[in-house]
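Notes to accompany the following structure.
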Amino acid sequence: MSVGRSVAVLLLLVAAAGCTSPEQRAVDPPPPSARASVAPGGLVAGCEDAVAQEQDPGRTYRVAAGVVAVPSGDQVLEPLEQASGAGPARLFAKWGLLVRSGSTVELSLPPGWGDRARINWGDSGAEPATAITVTACTAGPGERPWSVFTGGTWVAEADCVPIRISTGTEQVTVELSIGAPCRRPGG
Numbered sequence: 051m052s053v054g055r056s057v058a059v060l061l062l063l064v065a066a067a068g069c070t071s072p073e074q075r076a077v078d079p080p081p082p083s084a085r086a087s088v089a090p091g092g093l094v095a096g097c098e099d100a101v102a103q104e105q106d107p108g109r110t111y112r113v114a115a116g117v118v119a120v121p122s123g124d125q126v127l128e129p130l131e132q133a134s135g136a137g138p139a140r141l142f143a144k145w146g147l148l149v150r151s152g153s154t155v156e157l158s159l160p161p162g163w164g165d166r167a168r169i170n171w172g173d174s175g176a177e178p179a180t181a182i183t184v185t186a187c188t189a190g191p192g193e194r195p196w197s198v199f200t201g202g203t204w205v206a207e208a209d210c211v212p213i214r215i216s217t218g219t220e221q222v223t224v225e226l227s228i229g230a231p232c233r234r235p236g237g
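Everything in the sequence shown is counted per the numbering used here, starting at 51 for the first residue and increasing by one.
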């Protein structure tokens, strides 16, 4: 084999292998939008997705399962149209989710709600889903104990949406009035 031909084969092999070393290709981190993507149980949002820390949830919020704060039951959250036609992401009601320092919680819609609603919080850029796991920041001494995550609830039409909150030791369901008040006996 001539030197010219050997050089040509070598150049083809280098081009086929790419311009980076195997070590660089193996350790390159995923883009930021991939870190909070869909997990087996739904979406994932972590401390890095929190937009603020608060001292307490405030009077327009209620605490559920001791570690999550959602809008109070008497609030009707007004959704805005996001997509034309029908579907579980047609209307969107924006509200902040607060999670107590150091807590990890899963929020999910009950079975049968997949065609009616979706949820999402954090900076994932992912499409809303029927479940999300949220991990709050750990507060240091003198820091505010509630992490705030932006997001909210999408619905096909105004509805009373049940959201299950699981902490690992406790599970509760809260109802949110998205465009229509939740009807309660005697209420």
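Ideal Cβ placement from N, Cα and C applies to all residues, glycine included.
Q) Can you round the beta-carbon distance between Val205 and Ala181 to whole angstroms, since I take them to be within the 8 Å contact cut? A) Not confirmed; about 16 Å, so no contact.
**Q.** Extent of the continuous beta strand (DSSP E) run through Gln105
**A.** Segment: none, Gln105 is in no beta strand (DSSP E) and carries neither H nor E.
**Q.** Continuous beta strand (DSSP E) assignments of at least 3 residues falling wholly in the stretch 123-176
**A.** 141-144, 147-150, 154-158 and 167-171
Q.
Just to confirm the assignment: which complete beta strand (DSSP E) runs, minimum length 3, are found wholly within the stretch 176-236?
A. 181-185, 196-199, 201-205, 209-216 and 221-228
Q | Residues near Ala189 by beta carbon distance below 6 Å, same chain, minus five either side | A | Ser151 and Pro195
Q. To which residues of the same chain is Ala115 closer than 6 Å at the C-beta, ignoring the five residues directly before and after it?
A. Ile215, Thr217, Glu220 and Val222
Q | Backbone CA spacing between Gly135 and Pro191 [nearest angstrom] | A | 50 Å
(Q) Quick check: what's the CA-CA separation for Gly96 versus Cys232? (A) 30 Å
**Q.** Reference Leu157; option with closest CA among Gly229, Leu93, Ala230 and Ile228
**A.** Leu93
Q.
Between the alpha carbons of Ala139 and Pro178, how many angstroms are there, rounded?
A. 8 Å
Q.
Just to confirm, is the Cβ distance from Ala119 to Ser153 under 9 Å?
A. no
(Q) Taking the straight line between their C-alpha atoms, what separation do you get for Val155 and Gly202? (A) 16 Å
(Q) Let's test the definition: count the other Cβ atoms within 10 Å of the Cβ of Leu226 and tell me whether it reaches 16, buried, or not, exposed. (A) buried
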